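Numbering (my numbering), first residue to last: 173 to 293.
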């Protein structure tokens with residue numbers, strides 16, 4: 173048995189801007205069929221979340237933690253000229269999904285063996 177959770181994420185922007193985004197993705201059935209040859213499991217569970225909107229994020233700025241509301245503010249606070257690394261976001265949200273799936277999302281906030289990016293629910 174394996175569970176795949178798919179989340180759509182919008183970083184920054186207003187509610188009205190997010191409302192105009194096209195959240196269309198590939199059908200779960202199609203992805204499950206394509207995955208079967210590389211991940212043959214007896215049972216595959218699928219969970220699609222609603223679109224997650226993060227109107228702001230907290231980043232490690234040059235002068236310590238900084239709350240930013242746009243990519244322009246993030247670059248000014250961090251001194252970095254590149255977008256946020258997908259690897260960082262993917263690992264963070266994989267851990268959050270795992271914690272939520274096992275009912276520990278509010279009690280365990282640090283990474284350990286039970287909530288690593290490689291765990292599955």
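A virtual CB, placed ideally from N, CA and C, is assigned to each residue, including glycine. Bear in mind that the values here come from a model prediction, so they are computed numbers and not experimental data.
Between residue i and the rest of its own chain, which residues show a CB-CB distance below 6 Å, the 5 nearest in sequence each way excluded?
i           : result
residue 218 : 176 and 200
residue 220 : 178
residue 183 : 226
residue 181 : 224
residue 234 : 251
residue 187 : none
Is it buried or exposed for residue i, if we count other Cβ within 10 angstroms and need 16 for buried?
i           : result
residue 271 : buried
residue 213 : exposed
residue 240 : buried
residue 202 : exposed
residue 198 : exposed
residue 269 : buried
residue 191 : exposed
residue 290 : The predicted position of residue 290 is uncertain, since its pLDDT is 48 and thus under 50; no value can be drawn from it.
Starting from the C-beta of residue i, find all residues in its chain whose C-beta is less than 8 Å away, skip the five residues before and the five after it, and write them out in chain order.
i           : result
residue 255 : 243
residue 174 : 211, 213, 215, 216, 217 and 292
residue 228 : 184, 239, 240 and 241
residue 230 : 237, 238, 239 and 240
Can you give me the start and stop residues for the alpha helix (DSSP H) that residue i sits inside?
i           : result
residue 204 : 200 to 208
residue 231 : No alpha helix (DSSP H) contains residue 231, which is instead part of the beta strand (DSSP E) from 229 to 233.
residue 191 : 187 to 191
List the endpoints of the continuous beta strand (DSSP E) containing residue i.
i           : result
residue 182 : 181 to 183
residue 175 : 174 to 178
residue 216 : 216 to 220
residue 226 : 224 to 226
Less than 7 Å between C-beta atoms, sequence neighbours within five positions excluded: which residues of the same chain meet that for residue i?
i           : result
residue 265 : 179
residue 195 : 180 and 223
residue 253 : 247
message = Measuring CB atoms only, is the stretch 201 to 208 touching the stretch 224 to 234, in the sense that at least three cross pairs come out at less than 8 Å?
response = Output reads no: the stretch 224 to 234 does not touch the stretch 201 to 208.
query = Counting only runs that start and end within the stretch 236 to 260, where is the alpha helix (DSSP H) found for 4 or more residues in a row?
reply = Runs of the alpha helix (DSSP H) inside the stretch 236 to 260: 243 to 250.
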